[in-house]
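The structure appears below as structure tokens.
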Amino acid sequence: MNQTFRVDLRGIVDLLSHHLYTSPQVYLRELLQNAVDAITAARGADATTGRIVLVSSDGTGDGSLTISDNGVGLDEAQVHELLATIGRSSKRDELGFARHEFLGQFGIGLLSCFMVSDAIEVTTRRAGEPTVLWHGRSDGSYSVSTAPEGEERAEPGTTVTLRPRAGCEHLLTREAVTDLATHFGAHLPHTVSVDGAEIGAGPAPWDSPEGEDRGERRRRLEIYCERVFGFTPFDVVDLAAAEAGLRGVAFVLPMPANPAVPAAHRVYLKQMLLSEGAERLLPEWAFFVRCVADTAELRPTASREALYEDTLLESTRDTLGDALRSWLVRLARQDPGRLRAFLRVHHLGVKALALHDDEMLRLVAEYWPMETNVGPLTLVEFRERYGVLRFTPLLDEFRQLAPVAAAQGIAVVNAGYVYDCEIIDRLVTVDRELAAETLRAADLTTHLERLTAAEEQAIAPAVAAADQVLDRLGCDLLVRTFEPAGLPALYLLDDDTAFQVDLREAKEQVDDLWASILGTFQSPAEPRPRLVLNHRNALARQVLTLADADLRATCLEGLYVQALLLGHHPLRPADTAVLNQSFLGLIGRAVAGDAR
Ligand SMILES: Nc1ncnc2c1ncn2[C@@H]1O[C@H](COP(=O)(O)OP(=O)(O)OP(=O)(O)O)[C@@H](O)[C@H]1O
């Protein structure tokens with residue numbers, strides 16, 4: 001035996017209010033939307049002769065709210081089919097697809113009124129038909145009748161009346177209805193009024209009213225951005241995507257944005273507010289803008305609070321991304337100073353983009369000043385001056401090597417910040433003539449001058465003794481001659497050595513099982529960090545040849561810790577102990593010397 005599904009309306013309303021819509025306030029959006037669609041059905045999508053008249057509970061005086069439109073209206077058969085059938089919509093084509101001229105499509109919007117009211121009354125008239133009254137209740141029952149004489153509508157259209165359920169009265173007052181109607185419908189092309197007062201917020205941001213010059217438009221948009229997004233934009237970029245019937249404006253943030261937080265945009269659907277937090281309208285890398293846009297073709301989700309992810313949204317995202325990219329390129333050409341100012345704030349976004357986009361790569365190379373040991377230089381400037389792009393991939397390494405390399409006339413770029421290494425790598429792939437090389441701590445030792453054989457022989461015993469002191473600290477000793485002469489010692493630790501040192505320390509602290517697992521990573525040669533004493537530095541030479549072995553050890557330890565600190569290396573507990581010991585030891589010696 002065939003049966004039909006039965007629907008528990010209360011259950012459905014509960015589902016909508018708790019799981020689909022974010023707040024009961026959306027009831028007004030759904031009513032406005034139905035009125036707009038009814039006007040479109042009657043007068044065409046470009047009509048501006050629509051009238052939507054809202055009378056709040058303050059206006060009716062009996063606690064109810066009414067919303068009337070001069071749209072298409074319904075006849076009795078349609079009332080049964082459309083108003084009283086959940087999921088049935090007149091806004092789909094024969095195949096069931098949403099017809100793009102309408103806002104609604106799912107056939108559930110009217111139910112949102114049950115979030116604020118126990119009953120919905122509709123008085124509707126289609127041209128040439130009698131006025132029909134429909135009374136729907138939240139228990140799932142409804143009644144339909146023909147309007148008695150004297151209660152017919154004068155013109156085609158529809159009036160919906162809601163009486164608030166207990167606790168929802170505040171949502172139907174003049175203040176609330178004016179706020180909500182302005183929020184959702186301020187940019188509709190129809191006349192919308194609440195209790196006789198027309199709402200409207202001036203021209204929509206994406207419009208350019210006749211007679212408004214560029215300066216005026218810019219000022220208007222800045223004020224809009226301040227009011228709606230809360231910041232004065234660094235710049236304003238017009239957006240358009242014909243395939244999505246989209247027009248909009250992107251506002252460039254004057255302050256850095258967190259790339260991890262998706263940018264929320266304000267999206268209108270056929271000039272009615274869809275969402276203030278639409279996230280996927282622009283590409284992820286465009287986290288430096290907030291935008292407002294109106295679209296005729298993109299589809300909303302059923303909650304009508306976000307955009308539906310489909311191929312149209314994807315291609316729209318690409319088109320809008322192109323518009324932002326062109327703006328950047330234009331800025332570089334027309335106003336490089338401003339582009340630099342922009343990059344100072346948003347370099348992370350642009351660098352992320354440069355990893356996939358040649359034009360952005362060129363822009364970063366040309367305009368973004370990188371930190372180098374010879375002052376800030378763009379990669380293009382660096383290449384012009386030094387030929388090879390020599391860089392350190394780690395920030396700590398740069399700090400450590402920069403002064404020494406500079407003193408030896410070796411220019412090096414700090415590529416230790418996010419994306420810098422990848423950008424240099426990509427530059428090399430894109431431009432085959434460009435040479436780039438990494439400067440490593442180990443490379444620098446080969447640039448440090450060796451002593452003459454006679455000098456080496458003369459200090460050999462002293463070096464052997466000093467070696468023992470440093471061995472206790474897990475460090476090797478080298479004596480070399482290098483600039484700057486003022487620097488007594490240099491602590492060199494390359495990537496691999498740092499890893500091995502960490503491993504060795506971890507092994508010492510864990511149990512046998514872990515120690516043997518960690519041991520498999522340890523390289524047999526056990527590379528160790530190196531302290532390079534500068535033979536050109538008088539103090540370093542004196543320390544090395546001190547006759548007093550205790551004083552020599554204390555001084556060497558002092559030089560070791562100073563080199564660690566200069567290179568911004570973290571101090572292990574053993575290093576802190578050495579710091580205390582050598583510092584206090586030297587003060588003790590100095591005080592004792594003075595007392596004598
Ligand atoms: N003011 C109105 N004038 C004429 N017809 C209306 C009006 N309001 C609702 N209707 C009819 O009732 C149907 C159901 O409306 P409802 O708001 O539930 O869904 P919808 O607008 O079709 O889709 P959605 O759930 O996406 O909003 C509509 O498709 C429309 O045919």
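Numbering of the sequence shown is given in full-length UniProt numbering, commencing with residue 1 and proceeding in unit increments. Glycine included, every Cβ here is placed at the ideal spot set by N, Cα and C. These numbers come from a predicted model, not from an experiment.
- Proximity to Glu456 across Ala201, Leu439 and Asn534 peaks at Asn534, based on C-alpha coordinates.
- Per DSSP, the unbroken beta strand (DSSP E) holding Pro164 starts and ends at Gly157 to Pro164.
- Ranked by Cα distance from Arg280, the options Arg552, Ala453, Ala306 and Ala38 are led by Ala306.
- Under the DSSP assignment, Phe391 falls in the beta strand (DSSP E) whose first and last residues are Leu389 to Thr392.
- In the structure shown, Cys291 falls within a strand segment according to DSSP collapsed to helix, strand and coil.
- With contacts defined as CB atoms closer than 8 angstroms, Tyr419 and Lys351 qualify as a contacting pair.
- Counting the other Cβ atoms within 10 Å of the Cβ of Arg219 gives fewer than 16, which makes it exposed.
- Inclusion of Ala406 and Val374 in the CB contact set at 8 angstroms is warranted, their separation being smaller than that value.
- Only exposed fits Ala464, as fewer than 16 other CB atoms lie within 10 angstroms of its CB.
- With contacts defined as CB atoms closer than 8 angstroms, Leu282 and His265 qualify as a contacting pair.
- The C-alpha of His347 lies about 14 angstroms from the C-alpha of Val329.
- In the DSSP annotation of this structure, Thr481 is not part of any alpha helix (DSSP H), being labelled neither H nor E.
- Note that the C-beta distance between Leu439 and Leu401 is below 8 angstroms.
- According to the DSSP assignment, Met360 belongs to the alpha helix (DSSP H) that extends over Asp358 to Tyr367.
- Note on geometry: alpha-carbon atoms of Ser56 and Gly215 lie some 39 angstroms from one another.
- Boundaries of the alpha helix (DSSP H) around Arg220: Arg214 to Val228.
- Boundaries for Leu490: no alpha helix (DSSP H) harbours it, while the beta strand (DSSP E) harbouring it runs Ala489 to Leu492, taken from the DSSP string.
- In this structure, the beta-carbon distance from Val160 to Ile67 falls below 8 angstroms.
- The Cβ atoms of Leu389 and Leu434 sit closer than 8 angstroms to each other.
- In the three-state reduction of the DSSP assignment, Phe184 falls in the helix class, which pools H, G and I.
- In the DSSP assignment, Asn534 is bridged to Arg480.
- Sorting Thr319, Leu246, Asp318 and Tyr308 by C-alpha distance to the C-alpha of Val292 places Leu246 at the top.
- In the three-state reduction of the DSSP assignment, Gly248 falls in the strand class.
- At the C-beta level, Leu363 and Met370 stay beyond 8 angstroms of one another.
- Val532 sits close to Leu478, with the two beta carbons spaced by under 8 angstroms.
- DSSP places Leu427 outside any beta strand (DSSP E); the residue lies instead in the alpha helix (DSSP H), whose first and last residues are Asp420 to Val430.
- In this structure, the alpha-carbon of Leu15 lies about 47 angstroms from that of Leu343.
- Secondary structure within the UniProt domain "Histidine kinase/HSP90-like ATPase" (23-168): the alpha helix (DSSP H) runs of 4 or more consecutive residues, fully enclosed, are 26-43 and 57-60 (chain order).
- Relative to ligand 1, the beta carbon of Ala35 is positioned inside 7 angstroms of a heavy atom.
- Closest in C-alpha terms to Val261, from the list Ala241, Met272, Val289 and Leu564, comes Val289.
- Runs of the beta strand (DSSP E) lying entirely within the region 186-210 and spanning at least 3 residues, in chain order: 191-194.
- With a threshold of 7 angstroms, the Cβ atom of Ile108 counts as near ligand 1, since some heavy atom of the ligand is closer than that.
- Counting other Cβ atoms within 10 Å of its Cβ, Leu188 reaches 16 or more and is therefore classed as buried.
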